[in-house]
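Here's the structure, in structure tokens; my notes come after.
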Amino acid sequence: MRLVLTLGLVLVATFSAQAEEPFDLKAFAQHYYNTMVATQAPNAGTKELEAYLALLTDDIGNQHIPYQLDDSRTADGKELMRKGMSFYLGAHTLYESELLNTFIFNDSGFAIRYKNHAKGIHPQSKQPIEYTSVMMEVIEIENAKVAMIRKYHE
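Taken in order, the sequence shown gives residues -19 to -1, 1 to 135; the numbers are from mature numbering (1 follows the signal peptide of the UniProt record, and there is no 0).
Pasting the structure below:
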């Protein structure tokens, strides 16, 4: 009897584990956008940056056309993003963003198109900056994490 009960519990646990909710890519895309925008806010700090980086694979690839043409994924990709984003963290005195479109590509990726406006002081040149742009980010997903980011300007 114990054996039958144990076997029954194992089967229930197995089927319960397989019945997990599928990865909701549309909800993840919205979460990604909100988390990314939070890193651009004037009061953004390490907390916002780390929340964003938690969405990425360790070997994240990042390409920002036309500024960054290399789309290589390297073992230290997340650390390189941390270093690069930390340099600009808190540089904005104003940041506004509006999500215009979200496109879902089966379970392998999504694209977000958004308009942003920013003002601030460039951390290196100490010169005032201001820009408005429409961006498209094409995101590739692996194991529920962002594995590749490709940014394009309209």
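The beta carbon of each residue, even a glycine, is placed where N, CA and C say it ideally should be.
Here the structure is a predicted model, which is why all the values come from computation and not from measurement.
Own chain, CB closer than 6 Å to residue i, minus 5 neighbours either side, in chain order
{"i": "residue 115", "result": "96, 135"}
{"i": "residue 202", "result": "The structure shown does not extend to residue 202, since the chain is modelled only from -19 through 135, so no value can be given for it."}
Inter-residue spacing [alpha-carbon to alpha-carbon] between residue i and residue j
{"i": "residue 5", "j": "residue 66", "result": "27 Å"}
{"i": "residue 76", "j": "residue 124", "result": "31 Å"}
{"i": "residue 14", "j": "residue 118", "result": "10 Å"}
{"i": "residue 83", "j": "residue 90", "result": "11 Å"}
{"i": "residue 51", "j": "residue 43", "result": "8 Å"}
{"i": "residue 62", "j": "residue 7", "result": "24 Å"}
{"i": "residue 3", "j": "residue 93", "result": "21 Å"}
Beta-carbon proximity list for residue i, same chain, < 7 Å, skipping 5 on both sides
{"i": "residue 16", "result": "32, 33, 36"}
{"i": "residue 40", "result": "54, 55, 56, 58"}
Reduced DSSP secondary structure (H/G/I, E/B, other) of residue i
{"i": "residue 43", "result": "strand"}
{"i": "residue 38", "result": "strand"}
{"i": "residue 21", "result": "coil"}
{"i": "residue 124", "result": "coil"}
{"i": "residue 107", "result": "coil"}
8 Å CB neighbourhood of residue i in its chain, flanking five on each side removed
{"i": "residue 71", "result": "23, 24, 25, 26"}
Proximity winner among the options, relative to residue i (alpha-carbon distances)
{"i": "residue 107", "options": "44, 74, 9, 61", "result": "74"}
{"i": "residue 130", "options": "104, 100, 49", "result": "49"}
{"i": "residue 113", "options": "99, 11, 45", "result": "99"}
Check: residue i C-beta below 6 Å from any heavy atom of the ligand ATP
{"i": "residue 111", "result": "For the structure depicted, the ligand ATP is absent and the ligand set is empty, with no information on it obtainable."}
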